[in-house]
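Single-structure report; data block below.
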Amino acid sequence: MAAAPIPFARIHYPEQSLHGRIVHAIGRRIVSGDLRPGDLLPAEPELGASRTVVREAIKVLAAKGLVESRPKTGTRV
């Protein structure tokens, strides 16, 4: 069961860009087990950021091996 959405963009991390804050927040949820393998990532409105910012964050998370993005199925842990 997925946890209640967290407004990732509103979490304050000094000196980080918006996509950096999203990467940090999602990464923390993955490592803590809040987001489990196979879970879909939250949508842009839940993250409080534009599609461009979310895509940049997903690229970073994918490069770290934390998520996998596939066309028409979304981005999963």
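Each residue of the sequence shown is one higher than the one before, starting from -14 at the first, in the numbering used here. Where is the CB? At the ideal position from N, CA and C, for every residue including glycine. Model, not experiment: these values are computed from the prediction.
DSSP, read as helix, strand or coil, puts G23 in coil. Comparing alpha-carbon positions, the option among L20, S17, A48, V39 lying closest to R6 turns out to be V39.
Measuring C-alpha to C-alpha distances from K44 to each of L3, V8, Q1, S2 identifies V8 as the nearest. The beta carbon of S54 sits closer than 7 Å to those of I43, A47, T60, all from its chain and outside the five residues before and after it, given in chain order.
About 4 Å separates the beta carbons of E41 and H4, which is inside the 8 Å limit, making them a contact pair. Nearest to L51 by alpha-carbon distance, out of S35, V16, Q1, is V16. Burial is judged here by how many other beta carbons sit within 10 angstroms of a residue's own beta carbon; R14 has at least 16 and is buried.
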